[in-house]
Structures are given as structure tokens and as C-alpha cells.
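Student:
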Amino acid sequence: MKLRLFCLLACLYMLVASRAEPWADSRVMYETTRALVDRGTLELNLPGPDFFFVIRDGKRYAVNAPGNIVALMPGYILFKALSRVRGAPLPLLYPLTSHVPSALLM
139 MKLRLFCLLA
149 CLYMLVASRA
159 EPWADSRVMY
169 ETTRALVDRG
179 TLELNLPGPD
189 FFFVIRDGKR
199 YAVNAPGNIV
209 ALMPGYILFK
219 ALSRVRGAPL
229 PLLYPLTSHV
239 PSALLM
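Using the numbering used here, read the sequence shown as starting at 139 and increasing by one per residue.
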């Protein structure tokens, strides 16, 4: 029963919640997740105001807590997997999968 309730609430949340692409500081977290999964580094090559970043030795890093970055990994890994499907609607998958972790953690 608990698993069914969890699945129902997660699906309802996904149905009614925002589907905006990550922006501002959440984009910095998402791009850090991408860098960690794809390249194994926390360094960012992302334009934006300096207050979004910690700058060390000329390299930019996210200010956000590492837990936030790790929490976004399932959504990005799901995006990578679904984007390999032929004809997948990438502009729609990106905002949808970026919200999966928050729906599951709610």
C-alpha cells in the first residue's frame, strides 16, 4: 500500500508541477551534475554571474551543496538513457527528467 501511495503521489506531482528547464542556480547544479557524470569533474564551463560560482585557480565550481548535485543524478542519467531512443523529443525530455529527482524526494 505504501509503495502504491508513493507512486500515485509522485505521478500526481509530476503531472501538476512545473516543467521549466533548470535556470539560475538550479542550472548551475544541473550542469555540475552533467560534468560529474559525463567527465568525472566538478569544474564548470558555464557563463553566468560570479556569485553562482566558487572560483579557484581560474576554474569555476558550483556554490551549492554536493548533496543537491548528487540528488540530480538519477534525472540526468534517465535523460541520457531516454535520449538514445530514436525519435525521442529531447526538448521535452530535458525539463521532464530534470524534475524527476525532486518528485521522488518530495
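We treat Cβ as the ideally placed atom computed from N, Cα and C, and that holds for glycine.
Quickly, what does DSSP pair Arg194 with across the bridge? List them, please.
Tutor: Counted from its first residue, the sequence shown places residue 194 at position 56. BP columns for Arg194 point to Lys197.
Student: Pair every Cβ in the stretch 167-175 with every Cβ in the stretch 211-220, then say whether three or more of these pairs are closer than 8 Å.
Tutor: With a cut-off of 8 Å, the stretch 211-220 and the stretch 167-175 count as touching, because enough Cβ pairs lie within range.
Student: Who are the Cβ neighbours of Arg198 in its own chain at under 8 Å, not counting the five residues just before and after it?
Tutor: Counting from 1 along the sequence shown, the entry for residue 198 is found at position 60. Closer than 8 Å at the Cβ level, and outside the excluded window around Arg198, lie Glu181, Leu182, Asn183, Leu184, Phe191 and Val192.
Student: Between Val166 and Ala200, how many whole angstroms is the CB-CB distance? I'm expecting something under 8 Å.
Tutor: Mapped onto the sequence shown, residue 166 falls at position 28. Mapped onto the sequence shown, residue 200 falls at position 62. Confirmed, about 5 Å.
Student: Mapping the DSSP letters down to three states, classify Leu228 as helix, strand or coil.
Tutor: Position 90 of the sequence shown, counting from 1, holds the residue named residue 228. Leu228 falls in the helix class under three-state DSSP.
Student: With Val166 as the anchor, note down where its alpha helix (DSSP H) starts and where it stops.
Tutor: As a working mapping, residue 166 is identified with position 28 in the sequence shown. Asp163 to Arg177 is the extent of the alpha helix (DSSP H) around Val166.
Student: Would you identify the three-state DSSP class for Leu182, choosing helix, strand or coil?
Tutor: Residue 182 sits at position 44 when you count from the first residue of the sequence shown. Leu182 falls in the strand class under three-state DSSP.
Student: My output table needs one value for Met139: the three-state DSSP class, helix, strand or coil.
Tutor: Counted from its first residue, the sequence shown places residue 139 at position 1. Three-state result, Met139: coil.
Student: Tell me the rounded alpha-carbon separation between Arg194 and Thr170.
Tutor: As a working mapping, residue 194 is identified with position 56 in the sequence shown. As a working mapping, residue 170 is identified with position 32 in the sequence shown. For Arg194 and Thr170, the distance between alpha carbons rounds to 15 Å.
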